[in-house]
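Note sheet for the following structure.
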Amino acid sequence: HVGAAPWDVFHTGVARHIDVGVGTIIVGTGAALLLLWIPLRERIGLGTVLNAILIGLFVDLTAPLLPDTAALLPRVGLFAAGMVAIGVGSGFYIGSGLGPGPRDGLMTGLARLRIAGRDVTVGAARTFIEASVLVLGALLGGSVGAGTVAFMLGIGPLVQVFLPPLTMDRREHPAVAVEP
1181 HVGAAPWDVF HTGVARHIDV GVGTIIVGTG AALLLLWIPL RERIGLGTVL NAILIGLFVD
1241 LTAPLLPDTA ALLPRVGLFA AGMVAIGVGS GFYIGSGLGP GPRDGLMTGL ARLRIAGRDV
1301 TVGAARTFIE ASVLVLGALL GGSVGAGTVA FMLGIGPLVQ VFLPPLTMDR REHPAVAVEP
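Counting the sequence shown from 1 gives a position; my numbering is that position plus 1180.
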């Protein structure tokens, strides 16, 4: 067991206490997170709606298809490749300007804040969120591994690296512009 991402520790922790599938919990969590967007003044876009619904649906559909291997090296390789893919994918879909998913909108909303006179970076916001849901998920009984901690520490910096170069200039691409 390399370890699940912190949000998945949270989702599986919740699943231990209510009798619904993890995909349903992912969708429900996404909907609840949209309430946290209100004070952050995030705006819902097409990307927000698609992310909120499709991630949970695809988790339920694809989980049975994932390879099950006992060998540690392939598991670590799949984990590392998945984390980089999430970092790059976050840059692509957030950078498209069509609206972040519920979890990423929390990150982008926090990254617009100033705390103690300092700007909050995307990386710091993401790391804070991942650490918070990791603690909540562990308290709910979700399974934590070394990869969980690696993801918590690594995904924020990865998104911070990939988001700027993958963000479309809305002046050059007005079709994807979403008014703030």
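Don't be surprised by glycine CBs; every beta carbon is placed ideally from N, CA and C.
Because the structure is a prediction, the values reported are computed rather than measured.
For residue i, the nearest candidate out of the options (CA to CA)
{"i": "L1214", "options": "I1309, G1317, D1299 and G1285", "result": "G1285"}
{"i": "T1249", "options": "L1258, R1223 and L1343", "result": "L1258"}
{"i": "T1307", "options": "T1288, R1298 and G1322", "result": "T1288"}
{"i": "G1327", "options": "V1300, S1276 and V1264", "result": "V1264"}
{"i": "S1276", "options": "G1225, S1312 and I1205", "result": "G1225"}
Residue i versus residue j: straight-line alpha-carbon distance, rounded
{"i": "A1232", "j": "G1281", "result": "6 Å"}
{"i": "A1184", "j": "L1314", "result": "10 Å"}
{"i": "I1266", "j": "I1335", "result": "8 Å"}
{"i": "H1197", "j": "G1236", "result": "18 Å"}
{"i": "Q1340", "j": "G1262", "result": "16 Å"}
{"i": "G1201", "j": "H1181", "result": "21 Å"}
{"i": "A1251", "j": "L1316", "result": "29 Å"}
{"i": "T1192", "j": "T1228", "result": "22 Å"}
{"i": "I1274", "j": "E1222", "result": "13 Å"}
Bridge partner(s) assigned by DSSP for residue i
{"i": "D1299", "result": "R1294"}
Three-state class that DSSP yields for residue i in the structure shown
{"i": "T1249", "result": "coil"}
{"i": "E1310", "result": "helix"}
{"i": "M1348", "result": "coil"}
{"i": "H1197", "result": "coil"}
{"i": "A1185", "result": "coil"}
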